[in-house]
Amino acid sequence: MRFKSLLICLSLQLAAVFIFCIGFFPQKSVLNGSSTFQIEKSLQQEAPPVFSKLILVVIDALRSDFIFDSNISNFPFTHSLLNNGNAWGFTAYSNPPTVTLPRLKGLTTGSTPNFLDAILNVAEDDNSSNLKDQDSLLNQFYLNNKKIRFFGDDTWLKLFPLDYFEEHEGTNSFFVSDFTQVDNNVTRHIPKQLQEKNDWDVLILHYLGLDHIGHKGGPRSKFMPTKHEEMDGIIRQLYENLDNDGLLCILGDHGMNELGNHGGSSNGETSAAMVFASPKLSNFELPSKQKEIKLPITKPSEDENSFKYLTEIQQVDFVPTIATLFNLPIPRNSVGIIIEPLLKLLRNSKLESIKLKENYKQLLDLAHIHSTMDDISSLEDFELFTKMVSIQEDLTRSATNYFYEFLAAGIISSIIGTILYAVLITKDLKFNGIEIISIIISLLIGLSMFGSSFVEEEHQIWWWIVTGLITLSLYLKPNTKLLHLTLFICVRLIRGWNNSGQKYVYESTISNILSRIEYKDMQWYLILATITFVSFNDSMKNLPTFAMSLSLGVLVFSFKVSWSITNGEKVPFVIKDMARTVVKLLFPDESKDIIFSLALNPLAQLFFHCTLGFLVIKLLIQKLKIDKTVDNIFDELTKVMNLVAIMQTRPSNIPMFCVFEIMKMILVKIIKHDYNSNPYVTSIASLVLQHFTFFQFGGTNSIATVDLSNAYNGVSENYNIYYVGLLMTIANFAPSIYWAVFSWDILYSYDTNSILRRQNFMKSKVLPLLFYFIIGCFLFLSCFILRYHLFIWSVFSPKLCYYVAWSIFMNCIVGWVFEGILVLAHW
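Numbering-wise (the working numbering), the sequence shown opens with residue 1148 and increments by one.
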């Protein structure tokens, strides 16, 4: 098959992906303009607000149990408010995707999330989600001449016009290594704001530290209790300066799962805490589920994963509730319903009924349902609540308008492309061995796209594929029993290293065991052994290669030690002293442990600069034939790529690369000697191991497992979305990158000439492209057929996003662009 034909087919596959995604992830249609009172307008306008001042404290990732559960909560002052009736607590359901940007939209506009916002959430310099033309609580406060001050997560400043804020200061939300300063930058404004409390009407504070701790160490991190106490102290400071007509709202924008991540639809991620506090509340009867309950609650062990405490509400119900309590029109796109216990604060049954009818009328307009004023007036309050719940459910389900023309074009182009590609490659392939296996694998994964559980537990399928292929190879090559037995042991170790999938969490994984305090020393000795093995394995050919491996290996090791010490993890003294020797070269005058924190960015930047410099120099030497002794740069570049992958990996997963190295040596030997370096066998082995290890590293088809902990290695205060995006992608696909470049040792070994390398390059792309074509057809069809399925946004949409990442980054950028540049250097 000609290279030009192969390239055209790749372009067609990528074009089909983009076209389908344009139709599947459109911008949601909303009602523009600002809302006004519609029912008994003059009476509502003249009614006094229940509260005159609002303090909104958003604690990012404040899961419900962080406030309400005795097993994990450290908010004693907040508990005292809840117990004496000065605060009312709720568990607020936050619709997935549970990331900050769409949840802030929900908390301010009352609208359901657009899945595209989950992607834009990472793009700090993106303004496509701006709410300047949409109605919101902030817009209503602004139109009613209320003075708003904001301090915290700068996502708010991206969402809303700066004119809304009389005073503001943003903090960056994605430097997840920062637990303390990011919150101190918010708290330092509180004394001044409390002194000037007569000069503002709304104070918004958004704290990020708790979320950052979750990303780094999970909900039970040793830093979490201290952070709880810090937040509780801030709540005390604000409440004690609150007037009787002031309302303090403490809430989380979303929760987190047991790994500390969020974005998906698990109970922990969708269950956020919400507390309303005011001296005025003690004059009213407690919500029914809060009566006779002492906070914090001790839940029975069988209910510990439910995260449901006190009264359960929808998070978007916050919007009409605040609008009602401050006598503002409900924002036009809100799907929320006034929280029933808080409605009685109006102290006027007629006004309560009017506010309910106003809420009902607003929902009818949003749902484009016609109803006369007489019809609305004839309904009792309990009927209004029942009808509003039904409308809310319908609006939530039909949140997105699909572009069917693009959906159809994407599906049709994908199917046609697959058929044309299959016809083209039949001229070159015999379809009697590895080709049939690749089609079976593609069809198996493709058909699984129609089942939500199969998508959530895709790692199970890859496990059986890997073990099945090793078994088949052992049957075909019985003279290599020992090698295949070693492969079985290796893949079983990999299988047991992490939790994979979304349904089950196991305590006794190798990663969890090594993370325990009593095994921390063993983990670090394994890390040292792994970095040494990967760095020096087959690196003694010449002095430049040895020097390169040594310098990069030392930098990786020193950075990982510094990273762990900075994050409060236990590191053996011997390991710490080894890293200190390197770090002191950068800061010779510093002797205390703060040296490791100071060295984090310089070490990472030095590593990436050395890596980039080495790549450029090697490519120039190869292309210009400066050094005639250099026959093959692929071995050295494979080493560099492997060290980059380790650099972007969590410490607990680094020892897996030692297992990878053992597997790679065995596979290279088997494929070279028993399969004659067959490029088709090599490409399928690479493809299967890319996917298998991706899931066994802890990856899933959920946004919740996107790892941000290594996305900011070497990033200073100058945020660059492209640099951070690249680091984040490498971090999440680190094992896949390892197995993508593993094939270089076979396809481009020193004994292959430039023509054979060119042929091997093209042959190695044939079957993976067929795989992505077939998977795309099935996935597009499943997303289209199941577009109104209950799990479309929590299961199938994230899978589509991952498919895009696999197609663009792993197949196109790593497999075609980067590898192609290296092959061209040999022409």
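We put the CB at the ideal spot given by N, CA and C, even for glycine.
Where does residue i fall in DSSP's three states?
i     : result
D1668 : helix
D1301 : coil
E1887 : The sequence as given places Ala at residue 1887; Glu does not occur at that position. The answer is helix: DSSP assigns A1887 an H, G or I state.
G1410 : coil
R1544 : helix
K1293 : coil
T1573 : coil
D1272 : Bear in mind that the predicted position of D1272 carries a pLDDT of just 49, short of 50, making it unreliable; the figure below should be weighed with that in mind. Coil, per DSSP.
N1332 : helix
I1516 : coil
G1845 : coil
K1739 : coil
K1279 : coil
D1212 : helix
I1444 : strand
N1179 : strand
E1316 : strand
T1468 : helix
T1758 : helix
I1155 : helix
F1184 : coil
F1237 : strand
V1777 : With a pLDDT of 48 at V1777, under the threshold of 50, the modelled position of this residue cannot be trusted; read the value that follows with caution. Note: V1777 maps to coil in three-state DSSP.
T1656 : coil
E1193 : helix
Classify residue i: buried if its beta carbon has 16 or more other beta carbons within 10 angstroms, exposed otherwise.
i     : result
T1183 : exposed
N1286 : buried
V1466 : buried
K1293 : buried
T1776 : Interpretation of T1776 is limited by its pLDDT of 48, a score under 50 that renders its predicted location unreliable; the figure taken from the coordinates is listed afterwards. So T1776 ends up on the exposed side.
G1760 : exposed
S1275 : Any answer about S1275 is weak, because its pLDDT of 47 lies below 50 and its placement is not dependable; what the coordinates show is given next. Classification of S1275: exposed, given that the 10 Å Cβ count is below 16.
H1756 : exposed
G1700 : buried
V1913 : buried
D1272 : Confidence in D1272 is poor, its pLDDT being 49 and thus under 50, which makes the residue's placement too unreliable to answer from.
Y1869 : exposed
A1470 : buried
L1771 : exposed
H1353 : buried
P1372 : exposed
V1570 : exposed
K1252 : buried
Measure the beta-carbon distance from residue i to residue j and round it to whole angstroms, keeping in mind my assumption that it falls under 8 Å.
i     : j     : result
G1410 : T1245 : 6 Å
F1908 : L1894 : 7 Å
Y1903 : L1784 : The sequence shown places Leu at residue 1903, rather than the Tyr named in the question. About 18 Å; that fails the 8 Å criterion.
F1754 : L1702 : 4 Å
Does the beta carbon of residue i fall short of 8 Å from some heavy atom of the ligand NAP?
i     : result
S1647 : In terms of ligand content, the structure shown is empty, and the ligand NAP therefore cannot be addressed.
Sufficient close CB pairs (3 or more, under 8 Å) joining the region 1455-1465 to the region 1492-1509: Taking 8 Å as the limit for Cβ pairs, the verdict is that the region 1492-1509 does not touch the region 1455-1465.
Quick check on the DSSP output: what are the complete beta strand (DSSP E) runs of length 3 or more inside the region 1346-1374, in order along the chain? 1349-1354
Inside the region 1907-1963 only - alpha helix (DSSP H) runs reaching at least 4 residues: Runs found: 1944-1952.
Could you give the uninterrupted runs of the alpha helix (DSSP H) lying entirely in the region 1781-1810, keeping only those of 4 residues or more? List check, alpha helix (DSSP H) in window: 1781-1794.
Any contact between the region 1394-1402 and the region 1179-1196? By contact I mean 3 or more CB pairs, one from each, below 8 Å. no
Mind pulling the alpha helix (DSSP H) runs of 4 or more residues that sit fully within the region 1486-1511? 1487-1490
Indicate whether the contact test is met: 3 or more Cβ pairs, each with one atom in the region 1600-1620 and one in the region 1836-1846, closer than 8 Å. yes
Sequence ranges, alpha helix (DSSP H) only - wholly within the region 1687-1718, length at least 4: 1690-1713
Residue ranges of each alpha helix (DSSP H) within the region 1594-1628, 4 or longer: 1599-1603, 1605-1623
Is it the case that the region 1641-1658 contacts the region 1846-1853, given that we only count it when at least three CB pairs across the two stretches are under 8 Å? Touching, yes.
If you scan the region 1372-1441 from start to end, which runs of the alpha helix (DSSP H) of 4 or more residues do you find wholly inside it? Whole alpha helix (DSSP H) segments, 4+ residues: 1414-1417.
Three or more C-beta pairs below 8 Å linking the region 1922-1938 and the region 1553-1572: yes
How about the region 1227-1244 and the region 1462-1478: do they share at least three Cβ pairs that are nearer than 8 Å? yes
Should the region 1303-1311 be regarded as contacting the region 1324-1340, the criterion being three or more beta carbon pairs within less than 8 Å? no
Any contact between the region 1507-1527 and the region 1207-1225? By contact I mean 3 or more CB pairs, one from each, below 8 Å. no
Count Cβ pairs between the region 1804-1821 and the region 1568-1583 that sit closer than 8 Å; are there 3 or more? With the cut-off at 8 Å, the region 1804-1821 and the region 1568-1583 do not touch.
With a threshold of 8 Å, are at least 3 pairs of Cβ atoms found where one atom belongs to the region 1674-1694 and the other to the region 1656-1666? Too few Cβ pairs lie closer than 8 Å, so no.
Assess contact between the region 1195-1212 and the region 1531-1544, defined as three or more Cβ pairs (one per stretch) separated by less than 8 Å. Is contact present? no
Inter-stretch contact (C-beta, 8 Å, three-pair minimum) for the region 1426-1433 and the region 1943-1953: no
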